[in-house]
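Protein chains: 2
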Amino acid sequence: MVTKARMQPKVRDREKTERAILDAVGRIILRDGLGAVGINAVAREAGADKVLIYRYFGDLDGLYRAYAEAGDFWWSVEDMLEAAGDAPTLGAALKAGLRHHAAEMRKRPVTLAVIAAEPANRTALVVALEEVRERRSLELMKAVADRYGAPEGADLAALTALLAAAIDYLLARARTIRVYGGVEIKTEQNWERLFATIDAMIDGALAPARPKGRKRP
Amino acid sequence: MVTKARMQPKVRDREKTERAILDAVGRIILRDGLGAVGINAVAREAGADKVLIYRYFGDLDGLYRAYAEAGDFWWSVEDMLEAAGDAPTLGAALKAGLRHHAAEMRKRPVTLAVIAAEPANRTALVVALEEVRERRSLELMKAVADRYGAPEGADLAALTALLAAAIDYLLARARTIRVYGGVEIKTEQNWERLFATIDAMIDGALAPARPKGRKRP
DNA sequence: GGCTTTTGTCACCATACGGTGACATATACC
DNA sequence: GGTATATGTCACCGTATGGTGACAAAAGCC
């Protein structure tokens, strides 16, 4: 009779196991995308039995929530204000802030992977990150208004929403494609081009409304 | 002995079956997202045996390609130029064009669903739509340059890429969320607000570069 | 020492997936 | 009419998934 060799049992350390599981989630998101995260895949990647995932995190959603709490997925408002620094005008602060935003996102490839999967894959992790985004943008709006006052005749929330949406989307897309609408989006150099245009757009949106027909030079 | 009742065989009509299968693809994308499209799901939804999918389309990629060819996923350049109509300036044409773009996208929920899944789900259908997008934007750039000439000191490609990215992304996100960055994005009315800001951004990006320090009113 | 709890391992289950071979029969062609 | 082909139906296969119950043994507690 063939007796199956039992696996050499791991040393018992719940903390370590939990960390291994959470790390595995990050690696899978990065390598195969958020959609590839599943109980079996995580257990395999972590080298832990899947029953432990159920025991420690309840279910996949619980695991997502734990992962969302453990990770660093976003810039903080303080960081952002510091990046804007002593910008003399609201426009300058916005330009610096959006550059900072892009740089911080680039530093967090897992966040970009989640953003890429957001519209298609409404998991608890996605919801958690969306909440962070909304909270941050509200805080930031408030802080900016305190410092610079409300811009006259301009819609600051719409402006930042549009530009942040474009930046997030293009950064996420750059993970898999090289060109969008004829513009290279992969490298940081290419983004200089985009930021030049973004700067001009900001100036336009914050400029006092011009009377019609004054555009021709 | 129990004899299983055979299914009442369908009338034999390959064309009709193929259409039923392709229609099923669209319904699934719309209802459950691009990620839910699979051989079994499509066969079930179409009420056809899955072996017919293999026979008629080869495999899932072949099915995607057939679906991409059969469908109407995008505006045509002629339509777009007509929408811009007799806009007197490049800026006016751009504003009208982007509004047209958004309206046309809204009319094509399947396209929006595919865009939503694009970053996460690189199927043959996604690739096909990406190709359409790139081809269209190049054609359009050319047509615009022919009519209005190249804008001085402005990066037309970057400008349209950024604004189209923001619009596509927010429209796709509006399928599942209500607010982005504090701005409502669900209804067409809410979009009026966004378009007002987009107009100002376009004016800014197309305005001749202003000398520095001239911003304070 | 003896007991309970915690951690880890393993063997299952039902379900769904993509994919294939075998068969039945309506239709088209000679 | 007779035959080949196209269309449709069904029964499988191997694999993977999410999920659970049973067991072994280390760690903690009295």
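These protein sequence lines map, in sequence, to chains A and B. For the first sequence, counting from 1, position 125 maps to 421 in my numbering; every step adds exactly one. For the second sequence, counting from 1, position 1 maps to 297 in my numbering; every step adds exactly one. Ideal Cβ positions, reconstructed from N, Cα and C, are used throughout, including at glycine. Keep in mind the model is a prediction, meaning the values are calculated, not measured.
In terms of DSSP beta bridges, what is residue i paired with?
i	result
VAL479 (chain B)	B:TYR476
Please confirm if residue i has its CB atom under 7 Å from at least one CB of chain B.
i	result
ARG489 (chain A)	yes
SER372 (chain A)	no
THR472 (chain A)	yes
ASP382 (chain A)	no
ARG323 (chain A)	no
VAL406 (chain A)	no
ALA453 (chain A)	yes
ALA392 (chain A)	no
LEU514 (chain A)	Nothing can be reported for residue 514 (chain A), as the shown portion of chain A is limited to 297 through 513.
THR313 (chain A)	no
ALA364 (chain A)	no
LEU466 (chain A)	yes
LEU458 (chain A)	yes
If you run the structure through DSSP and keep just helix, strand and coil, what is residue i?
i	result
GLN304 (chain A)	coil
ASP464 (chain B)	helix
GLU448 (chain A)	coil
GLY387 (chain B)	helix
LEU438 (chain A)	Residue identity check: residue 438 (chain A) is Lys in the sequence provided, not Leu. It is helical.
GLU311 (chain B)	helix
PRO415 (chain B)	coil
GLY393 (chain B)	helix
ALA470 (chain B)	coil
ASP319 (chain B)	helix
ARG404 (chain A)	coil
Starting from residue i, trace the alpha helix (DSSP H) in both directions and tell me its first and last residue.
i	result
SER372 (chain A)	Looking at the DSSP string, SER372 (chain A) is not in any alpha helix (DSSP H), and its letter there is neither H nor E.
GLY329 (chain A)	Unbroken run through GLY329 (chain A): none, as it is neither H nor E.
LYS346 (chain A)	346–353
ASN486 (chain B)	484–502
ALA362 (chain B)	356–366
Of all the CB atoms in chain A, is at least one closer than 7 Å to the CB of residue i?
i	result
LEU421 (chain B)	no
GLY329 (chain B)	yes
MET401 (chain B)	no
ARG469 (chain B)	yes
ASP368 (chain B)	no
ASP357 (chain B)	no
THR493 (chain B)	yes
ARG395 (chain B)	no
ALA413 (chain B)	yes
GLY334 (chain B)	no
GLY500 (chain B)	yes
LEU348 (chain B)	no
MET497 (chain B)	yes
ARG418 (chain B)	yes
GLY517 (chain B)	Only positions 297 to 513 of chain B appear in the structure, and residue 517 (chain B) is not among them; the question remains open.
ALA461 (chain B)	yes
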